[in-house]
Amino acid sequence: MAHAGTLSIKGLSKQYEVKGEALPVLQDIDLTIEPGEFVSIVGSSGCGKSTLLRLIIGLEGDYQGDILLDGQRIVGTSLNRGIVFQEHRLFPWLTVEKNVALGLLNSSLTEGQRRATVRDHIALVGLEGFETAYPHQLSGGMSQRVAIARALVNRPDILLLDEPFGALDAMTRAHLQQELHRIWAQEHITMILVTHDVEEAVVLGDRVVVMEPRPGRIRRIVPVELAHPRERASYAFTAVKDRVLQEFSDRSAAELAESPLKPDAQPAPAAQWQFAV
Amino acid sequence: MSNLVNKRVIVPPRLRGWVLPLALLVVWWWAVQSGWSTSPLLVSPLAVWQRGVEQVSSGELWVALSASLWRNAWGFAIGASIGLVFGALLGWSRWFERLVGPSFHTLKQISLFAWIPMLSMWFGLGDAAKIAFIAMAAFFPVVLNTFEGLRSVPREYIEVARVYEFSVWQLMRRVIAPAAAPSIFTGIQLSLIYTWLATLGAEYLLASGKGIGNTLIDGREHFWMDLVLFGVVVIGLVGFVLNWLLTALEKRLLAWRDRTLARY
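Protein chains in written order, with the working numbering: chain G, 38 to 314; chain V, 3 to 266.
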């Protein structure tokens with residue numbers, strides 16, 4: 038069983054240089070994530086939610102503020118932190134088994150332990166019998182399962198998920214959400230899911246972090262105090278989902294109220310915000 | 003419809019490639035046999051066949067062919083391996099690319115045959131000059147395709163390697179080499195075809211010693227059309243076999259790619 042870590046993000050800001058001008062991507066992000074918690078992050082495109090994940094995994098650096106895992110500042114990538122990208126990113130020249138085993142390339146396990154771990158994780162994502170299949174023989178959903186197995190095989194403290202089901206059809210997506218929940222409950226791992234699908238965020242998250250763009254900020258954190266399994270059609274579920282959606286539709290009015298002097302505030306019509314609900 | 007079916011029965015798909023060469027052979031044989039052509043420039047297929055039998059039984063073909071293949075192999079080995087290292091450096095390091103890239107891209111514009119006078123002044127007319135020329139022919143396609151292969155490795159794959167803390171060596175061996183392999187293989191295949199062309203060019207332009215190119219020169223000088231034609235057939239066959247061998251090897255080594263592409 039993985040020991041889950043506490044992630045605390047304090048005063049995090051990040052900017053890119055575009056043609057010599059600083060373009061703020063993230064501004065003053067404060068967020069503490071408890072061990073074993075499932076946090077969903079939603080926001081429209083351009084709100085910096087993917088950048089936030091890339092900073093936590095360590096693929097991006099050069100930021101202001103602190104990202105601490107159990108009090109330790111994050112520097113670069115680490116086997117303690119796993120990630121599943123939107124595309125499965127499996128290597129087409131390797132079988133399922135070998136793709137998963139690649140995650141263990143730099144672990145300290147013995148050969149026998151490696152084999153057992155790979156087998157266990159293929160079983161965990163329900164792909165027994167596909168060990169020797171190549172990625173092209175798998176459906177999108179199956180490939181994403183392999184990617185999840187590869188990300189978990191090191192027993193990371195934290196698993197980051199960057200719109201992992203965004204490219205899947207609705208049926209497969211719903212099914213994989215269930216599976217992900219099962220894995221989370223079983224492994225007691227801290228998970229951070231970035232998505233633009235509000236329903237997905239509410240189905241899976243203990244808390245839903247709503248971000249707003251230009252520059253990316255946390256707008257509100259909505260707790261989801263519903264027992265699992267969550268019934269999508271239930272009144273309580275819809276109420277939470279509406280609360281999250283409310284944050285988006287209220288955007289223009291709220292923004293004006295909060296920062297009346299901001300010169301470039303451009304109220305966006307609500308219809309422009311589309312979600313895969 | 004029935005017409006189509008009949009055609010299939012007459013020539014099975016696998017043998018269709020033979021139809022044209024066989025038809026040409028028949029026309030050729032007929033042209034000489036019927037007296038339609040009496041030109042000494044067109045000898046009968048039978049004369050070519052007899053010349054071939056004689057070349058094989060006297061061992062002359064083997065002497066010439068082995069000399070050519072030996073040259074070809076050395077030139078290819080030297081040129082392709084230097085090309086592989088050079089192309090890898092060029093693709094791997096932006097610094098190296100800035101340093102030598104422009105010179106390389108200028109040199110590659112010069113026709114290979116333009117190097118022959120210089121090579122013969124440096125190395126004479128012997129095997130050293132020929133092998134140097136063949137190596138140059140092997141070098142360029144390998145460099146270009148290795149460079150291309152390395153540069154087109156998706157950034158996404160490299161990020162995966164970073165997430166799993168791959169060392170530089172692991173990144174090269176586990177990610178970059180396999181991802182670039184199809185392109186590198188194309189370079190090697192091109193290079194093998196070029197070296198065989200260059201071998202003949204070298205033997206023809208730096209005429210000395212033995213070789214299948216020298217057999218052709220011999221035939222021309224003595225006006226033995228049958229020998230010239232026999233030489234041409236052998237050269238074509240060697241090229242065909244080289245290409246076939248490499249395709250078979252590629253299929254084995256890059257099986258994953260064929261399987262992947264088969265889906266699209």
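Note that the Cβ used here is the ideal one computed from N, Cα and C, for glycine as well.
> Rounded to a whole number of angstroms, what is the C-alpha to C-alpha distance between Ser59 of chain V and Pro143 of chain V?
Replying inline: 38 angstroms
> Given that Val145 of chain V touches chain G, what residues does it touch there, using C-beta distances under 8 angstroms?
Replying inline: Here the premise fails: no neighbours, minimum Cβ distance about 23 angstroms.
> Lys162 of chain V touches chain G at which residues, Cβ-Cβ below 7 angstroms?
Replying inline: This sequence places Val at residue 162 of chain V; Lys is not what is there. Per Cβ cutoff of 7 angstroms: Arg126.
> Beta-carbon of Val235 of chain V versus every beta-carbon of chain G: anything under 7 angstroms?
Replying inline: no
> Within the chosen definition, does the segment 53 to 65 of chain G reach the segment 139 to 152 of chain G through at least 3 CB pairs nearer than 8 angstroms?
Replying inline: no
> Just how far apart, CA to CA, sit Asp234 of chain G and Phe274 of chain G?
Replying inline: 14 angstroms
>> Just to confirm the assignment: which complete beta strand (DSSP E) runs, minimum length 3, are found wholly within the segment 253 to 282 of chain G?
In response: 254 to 260
>> Give me the residue from V:Gly151, V:Thr148, V:Ser70 and V:Leu247 with the minimum Cα distance to Leu218 of chain V.
In response: V:Ser70
> Residue ranges of each alpha helix (DSSP H) run of no fewer than 4 residues wholly in the segment 145 to 194 of chain G, ordered along the chain?
Replying inline: 148 to 161 and 177 to 189
> By the criterion of Cβ-Cβ separation under 8 angstroms, what are the contact partners of Ile94 of chain G in chain V?
Replying inline: Val165
> Just reading off the beta strand (DSSP E) that Phe75 of chain G is part of, what are its end residues?
Replying inline: Phe75 to Val79
> How would you list, in chain order, the residues of chain V whose beta-carbon sits under 9 angstroms from the beta-carbon of Asn143 of chain G?
Replying inline: Tyr166, Glu167, Phe168, Ser169 and Gln172
> If you run the structure through DSSP and keep just helix, strand and coil, what is Ser60 of chain V?
Replying inline: helix
> Along chain V, in chain order, which residues have C-beta atoms closer than 7 angstroms to that of Gly140 of chain G?
Replying inline: Tyr166
>> Report the CB separation of Leu241 of chain G from Ser77 of chain G in whole angstroms; it is logged as a contact under 8 angstroms.
In response: 6 angstroms
> Which bits of chain G does Glu158 of chain V rub up against, with CB to CB less than 8 angstroms?
Replying inline: Phe122, Glu124 and Arg126
>> If distances are taken between C-alpha atoms only, which option among G:Ile258, G:Ala264 and G:Arg269 comes closest to Val281 of chain G?
In response: G:Ile258
> Between the Cα of Pro250 of chain G and the Cα atoms of G:Thr43, G:Lys47, G:Leu44 and G:Pro61, which residue gives the shortest distance?
Replying inline: G:Pro61
> Among the residues of its own chain, which have a CB less than 7 angstroms from the CB of Ile94 of chain G, if the five just before and after it don't count?
Replying inline: Thr114, Arg118, Ile120 and Leu197
> Going by DSSP, which residues form a beta bridge with Arg244 of chain G?
Replying inline: G:Val76 and G:Pro260
>> Is there a C-beta anywhere in chain G that falls below 7 angstroms from the one on Pro184 of chain V?
In response: no
>> If you follow the alpha helix (DSSP H) that Asp228 of chain V is in, where does it begin and where does it stop?
In response: Met227 to Leu255
> Does DSSP put Val121 of chain G in a helix, a strand or coil?
Replying inline: strand
> When burial is assigned at 16 or more other CB atoms within 10 Å of the CB, is His107 of chain V buried or exposed?
Replying inline: exposed
>> I'd like the list of long-range same chain contacts for Leu127 of chain V, defined as Cβ closer than 7 angstroms, with 5 residues on each side in sequence excluded.
In response: Leu208 and Ser210
>> With the cut-off set at 7 angstroms, would you say Ala137 of chain V and Ile80 of chain V are in Cβ contact?
In response: yes
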